[in-house]
Amino acid sequence: MTENPLPAPEVSLDWLKSMTLIRRFEERAGEQYTRAKIGGFLHLAIGEEATIVGAVAALRPTDYMIATYRSHGQALARGSEPGRVMAELFGRVDGLCRGRGGSMHMFDLERRFMGGFGIVGGNLPLAAGFGLTSDYLGNEAATLCQFGDGASNQGTFGETLNLAALWRLPVVFMVTNNQFGMGTSLERHSAQTNLQIKGEGFGVPGLECDGMDVVDTWSVTKEAMRIAREERQPVLVEALNYRFRGHSIADPEDYRTEEEVLAWSKRDPLVTFADRLTAEGVLSAEQREVIDLQATEIVDAAVAFADASPEPEPSSLYDDVYVLSDQVRGWYSADHRGAGVQKGEDLS
Amino acid sequence: MAEMRYREALNQALAEELERDPNVYLMGQDISVFGGAFKVTEGLMDRFGEKRIRDTPISENTIVGIGVGSAMTGLRPVIELMTINFSLLALDQIINHAAHVRYMFGGQVSVPLVVRMPQGAGHQLGPTHSHSFEALYLHVPGLLVAVPSTAADAKGLLKTAIRDDNPVIFIEHETLYGQRGEVPDDPDFTVPFGLAAIRREGSDVTIIGISRMAQTAERAAEQLATEHGIEAEVIDPRTLRPLDLDTILESVAKTNRCVIVEEGWPHGGVGANLAALIQEQGFDDLDAPVGRVTGVDAPMPYAKSLEQISFPHEQQVIEATLALFGERKRASRG
Numbered sequence: 001m002t003e004n005p006l007p008a009p010e011v012s013l014d015w016l017k018s019m020t021l022i023r024r025f026e027e028r029a030g031e032q033y034t035r036a037k038i039g040g041f042l043h044l045a046i047g048e049e050a051t052i053v054g055a056v057a058a059l060r061p062t063d064y065m066i067a068t069y070r071s072h073g074q075a076l077a078r079g080s081e082p083g084r085v086m087a088e089l090f091g092r093v094d095g096l097c098r099g100r101g102g103s104m105h106m107f108d109l110e111r112r113f114m115g116g117f118g119i120v121g122g123n124l125p126l127a128a129g130f131g132l133t134s135d136y137l138g139n140e141a142a143t144l145c146q147f148g149d150g151a152s153n154q155g156t157f158g159e160t161l162n163l164a165a166l167w168r169l170p171v172v173f174m175v176t177n178n179q180f181g182m183g184t185s186l187e188r189h190s191a192q193t194n195l196q197i198k199g200e201g202f203g204v205p206g207l208e209c210d211g212m213d214v215v216d217t218w219s220v221t222k223e224a225m226r227i228a229r230e231e232r233q234p235v236l237v238e239a240l241n242y243r244f245r246g247h248s249i250a251d252p253e254d255y256r257t258e259e260e261v262l263a264w265s266k267r268d269p270l271v272t273f274a275d276r277l278t279a280e281g282v283l284s285a286e287q288r289e290v291i292d293l294q295a296t297e298i299v300d301a302a303v304a305f306a307d308a309s310p311e312p313e314p315s316s317l318y319d320d321v322y323v324l325s326d327q328v329r330g331w332y333s334a335d336h337r338g339a340g341v342q343k344g345e346d347l348s
Numbered sequence: 001m002a003e004m005r006y007r008e009a010l011n012q013a014l015a016e017e018l019e020r021d022p023n024v025y026l027m028g029q030d031i032s033v034f035g036g037a038f039k040v041t042e043g044l045m046d047r048f049g050e051k052r053i054r055d056t057p058i059s060e061n062t063i064v065g066i067g068v069g070s071a072m073t074g075l076r077p078v079i080e081l082m083t084i085n086f087s088l089l090a091l092d093q094i095i096n097h098a099a100h101v102r103y104m105f106g107g108q109v110s111v112p113l114v115v116r117m118p119q120g121a122g123h124q125l126g127p128t129h130s131h132s133f134e135a136l137y138l139h140v141p142g143l144l145v146a147v148p149s150t151a152a153d154a155k156g157l158l159k160t161a162i163r164d165d166n167p168v169i170f171i172e173h174e175t176l177y178g179q180r181g182e183v184p185d186d187p188d189f190t191v192p193f194g195l196a197a198i199r200r201e202g203s204d205v206t207i208i209g210i211s212r213m214a215q216t217a218e219r220a221a222e223q224l225a226t227e228h229g230i231e232a233e234v235i236d237p238r239t240l241r242p243l244d245l246d247t248i249l250e251s252v253a254k255t256n257r258c259v260i261v262e263e264g265w266p267h268g269g270v271g272a273n274l275a276a277l278i279q280e281q282g283f284d285d286l287d288a289p290v291g292r293v294t295g296v297d298a299p300m301p302y303a304k305s306l307e308q309i310s311f312p313h314e315q316q317v318i319e320a321t322l323a324l325f326g327e328r329k330r331a332s333r334g
């Protein structure tokens with residue numbers, strides 16, 4: 001735990017609520033996955049709640065947030081309705097993305113949560129694009145782009161940091177260093193293990209935060225966003241954290257020892273933050289229990305909402321492949337069914 | 001009407017759209033100070049400034065990704081990739097992002113992005129710099145694909161592409177930039193997508209030419225008429241997504257024969273795709289199998305003698321057409 005003072009009590013409690021909600025949501029998602037309610041991949045953020053909530057707390061509502069395939073928590077922290085996040089996991093029409101994206105592709109335009117992205121490193125150029133829009137339109141919005149330590153080896157990392165620095169784009173790049181690119185540990189995948197300096201050669205200075213500490217993450221991200229917004233200087237923030245679960249649900253975790261997991265679990269961001277709030281007189285034992293119960297109730301309701309939501313109609317299959325217009329009056333096929341009118345076409 | 005080069009028509013389209021919509025901006029390698037590798041953007045920086053005519057580093061995937069991100073948030077980027085060969089470096093952003101973000105996010109955003117790039121062989125640039133990839137982009141749902149072969153279409157289709165809210169792959173041709181053609185003066189002149197052009201009317205055979213091959217097909221058709229008495233109808237689809245299959249099928253219903261000419265490879269090509277659609281939809285109209293003339297199934301060689309026989313010329317089109325009439329005679333080469 002760092003020396004950062006706590007914010008106002010109601011803010012601290014909000015953060016605790018948000019972190020608790022993410023924890024309970026992710027636990028329930030894992031459970032629903034084993035019950036086959038959720039398909040595909042499921043990447044849980046258990047252990048990374050402080051990095052998510054601390055970073056999101058440093059943003060203005062008009063700022064853009066973009067993340068990876070592990071982004072249920074980002075959507076929740078940004079204010080997306082838990083029921084709609086769960087419904088997306090269930091592949092239902094009321095999902096955030098109407099069942100088109102699933103776990104890896106959450107998106108909530110209204111809250112400027114600009115997406116979870118399934119391709120490692122694929123989101124960095126888009127973040128620079130959001131930054132370019134802010135710059136072009138001359139507004140104050142800045143962008144926070146989260147990606148994992150593994151993504152720092154992608155070509156887009158160097159390309160995007162170079163361009164962001166060259167064009168002075170208001171973007172904060174946050175590498176959430178959870179020590180593993182899937183099952184390959186940091187020292188086995190990156191020659192430079194001090195990731196915060198990995199952007200320096202591209203003209204992007206680095207900062208570091210304790211990603212297990214919500215206050216430190218908030219404090220450092222806030223300063224990074226200020227630098228990006230006011231000085232038009234992109235910044236790379238390394239958030240050191242640890243995921244308590246495997247890379248995805250289908251991960252036997254042969255690449256790390258139980259001792260290591262145990263050592264990190266003693267720094268559980270949810271527990272340590274709640275303990276600190278209690279120690280500093282902000283949180284009573286009773287309140288702590290209530291917050292936990294409320295989170296569980298919200299998650300119960302989210303599951304019920306998702307369960308009640310219908311599956312998408314087959315007739316909606318081609319919706320939103322294109323923006324329909326004078327040029328594209330419907331979905332134009334080049335497949336074996338030929339070029340006749342297809343489901344999803346609107347020729348009215 | 002004014003006569004101008006294909007590159008000038010493109011330049012005019014860009015200038016008019018930049019003038020019309022302040023959120024349109026251009027981005028690419030050497031497009032600003034240098035004026036573009038093929039001089040398509042010449043003079044635009046002086047007129048519109050560096051904010052809107054942006055030189056980029058050589059980072060194709062990220063350039064396209066920045067375009068996608070800015071398009072998702074309200075701008076209308078027009079990206080120039082120096083040639084289509086380098087678009088392979090940007091495939092992740094083009095396919096996984098530009099083409100799919102609207103769909104995978106349930107329609108919450110659109111990506112009004114244009115990626116312009118020239119393709120084609122003929123300059124002895126060898127295997128890595130001579131590609132034709134319209135079939136590759138045609139394959140991807142979510143993209144629109146335009147392949148203009150005349151100066152007027154270059155201008156009219158580009159203006160339509162910039163105004164449309166979908167991501168457009170706009171494929172120019174390296175050997176067409178210097179060609180002259182008549183272009184309407186009207187600043188609101190556009191060419192709609194999904195409307196094929198009939199370049200030559202005829203009743204004996206339908207020849208469909210893609211990109212530059214529309215011109216090759218037209219020249220072959222003149223020879224077929226004068227030397228063989230065969231009147232070919234030549235169709236240039238102009239856009240492959242959306243595709244004006246109706247015009248093609250109507251023509252085939254009239255001529256009962258069809259040849260498709262493209263510069264790219266044969267397997268999984270535009271011709272393979274069109275032939276399948278024509279036999280599915282117009283089988284009863286066909287008096288012969290659909291013919292295809294394509295680039296050869298090999299990388300593009302450097303040597304001029306080999307390069308010239310690696311992509312279609314009029315002679316191959318004529319031979320493929322005559323074959324549909326059961327004629328064995330071959331006109332001599334040259």
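Line by line, the protein sequences give chains Z and H. Start counting the first sequence at 1; every next residue gets the next number (the numbering used here). Start counting the second sequence at 1; every next residue gets the next number (the numbering used here). Ideal Cβ placement from N, Cα and C applies to all residues, glycine included.
Is there at least one Cβ from chain Z nearer than 9 Å to residue i's Cβ?
i: isoleucine 66 of chain H; result: yes
i: serine 59 of chain H; result: yes
i: lysine 159 of chain H; result: no
i: glycine 271 of chain H; result: no
i: valine 101 of chain H; result: yes
i: lysine 51 of chain H; result: yes
Which stretch, first to last residue, makes up the alpha helix (DSSP H) that contains residue i?
i: arginine 7 of chain H; result: 6-20
i: aspartate 307 of chain Z; result: 285-308
i: glycine 148 of chain Z; result: Per DSSP, glycine 148 of chain Z belongs to no alpha helix (DSSP H); it is in the beta strand (DSSP E), 143-148.
i: proline 125 of chain Z; result: 123-137
i: leucine 270 of chain Z; result: 269-279
To the nearest angstrom, report how far apart residue i and residue j are at their CA atoms.
i: threonine 133 of chain Z; j: aspartate 108 of chain Z; result: 18 Å
i: arginine 98 of chain Z; j: leucine 44 of chain Z; result: 21 Å
i: serine 251 of chain H; j: threonine 206 of chain H; result: 6 Å
i: methionine 117 of chain H; j: valine 24 of chain H; result: 17 Å
i: lysine 329 of chain H; j: isoleucine 309 of chain H; result: Confidence in lysine 329 of chain H is poor, its pLDDT being 42 and thus under 50, which makes the residue's placement too unreliable to answer from.
i: alanine 285 of chain H; j: arginine 238 of chain H; result: The identity of residue 285 of chain H in the sequence shown is aspartate, whereas the question assumes alanine. Whole-angstrom Cα-Cα distance: 24 Å.
i: threonine 156 of chain Z; j: threonine 68 of chain Z; result: 14 Å
i: aspartate 46 of chain H; j: glycine 115 of chain Z; result: 37 Å
i: proline 57 of chain H; j: arginine 84 of chain Z; result: 40 Å
i: leucine 169 of chain Z; j: glycine 268 of chain H; result: 41 Å
i: glutamate 182 of chain H; j: arginine 5 of chain H; result: 9 Å
i: glutamate 280 of chain Z; j: glutamate 3 of chain Z; result: 13 Å
i: leucine 335 of chain H; j: proline 289 of chain H; result: Since the first residue shown for chain H is 1 and the last is 334, residue 335 of chain H is missing from the structure and cannot be characterised.
i: methionine 212 of chain Z; j: glycine 138 of chain Z; result: 35 Å
i: threonine 176 of chain Z; j: tryptophan 264 of chain Z; result: 15 Å
Go to residue i, then tell me how far its beta strand (DSSP E) extends in each direction, as first and last residue.
i: glycine 206 of chain Z; result: 206-210
i: leucine 240 of chain Z; result: 235-240
i: glutamine 119 of chain H; result: 114-119
i: phenylalanine 86 of chain H; result: Per DSSP, phenylalanine 86 of chain H belongs to no beta strand (DSSP E) and is neither H nor E.
Taking 9 Å as the CB-CB limit, is residue i close to chain H?
i: glycine 150 of chain Z; result: no
i: aspartate 346 of chain Z; result: Only weak support exists for where aspartate 346 of chain Z lies, its pLDDT of 47 falling under 50; the coordinates are left without a value.
i: aspartate 63 of chain Z; result: no
i: glutamate 353 of chain Z; result: Chain Z is shown only over 1 to 348; residue 353 of chain Z falls outside these bounds and no answer can be derived.
i: tyrosine 242 of chain Z; result: no
i: valine 328 of chain Z; result: yes
i: alanine 334 of chain Z; result: At alanine 334 of chain Z the pLDDT is 38, less than 50, meaning the model places this residue with poor confidence; the figure from the coordinates comes in the next sentence. Alanine 334 of chain Z counts as touching chain H.
i: serine 103 of chain Z; result: no
i: aspartate 108 of chain Z; result: yes
Contact between the region 73-90 of chain Z and the region 50-61 of chain Z is defined here as three or more beta-carbon pairs at a separation below 8 Å; is this criterion met? yes
Using 8 Å as the threshold, is the region 10-20 of chain H in touch with the region 36-50 of chain H, meaning 3 or more CB pairs across them? yes
Residues within the region 61-93 of chain H neighbouring chain Z, beta-carbon criterion of under 9 Å: Asn61, Thr62, Ile63, Val64, Gly65, Ile66, Gly67, Val68, Gly69, Ser70, Ala71, Met72, Thr73, Gly74, Leu75, Pro77, Leu89, Asp92, Gln93
By the 7 Å beta-carbon criterion, what residues does the region 109-142 of chain H contribute toward chain Z? Val109, Ser110, Leu138, Pro141, Gly142
Contact residues within the region 241-256 of chain H, judged by C-beta distance below 8 Å to chain Z: Arg241, Pro242, Leu243, Leu245, Asp246
When you compare the region 139-150 of chain H with the region 225-238 of chain H, are there three or more beta-carbon pairs, one atom per stretch, that lie closer than 8 Å? Judged by Cβ distances under 8 Å, the region 139-150 of chain H makes contact with the region 225-238 of chain H, as three or more pairs qualify.
Touch check for the region 223-230 of chain Z and the region 184-191 of chain Z: three-plus C-beta pairs under 8 Å? no
Between the region 254-272 of chain Z and the region 199-206 of chain Z, do at least 3 Cβ pairs fall closer than 8 Å? With the cut-off at 8 Å, the region 254-272 of chain Z and the region 199-206 of chain Z do not touch.
Quick check: the region 17-33 of chain H against the region 274-291 of chain H, are at least 3 beta-carbon pairs closer than 8 Å? no
With three or more C-beta pairs closer than 8 Å as the rule, is the region 259-276 of chain H touching the region 209-217 of chain H? yes
In the region 188-217 of chain H, which residues sit with their C-beta less than 9 Å from some C-beta in chain Z, listed in chain order? Pro192, Phe193, Gly194
Spell out a yes or no on whether the region 104-112 of chain H and the region 187-203 of chain H are touching, meaning 3 or more CB-CB pairs, one atom from each, closer than 8 Å. no
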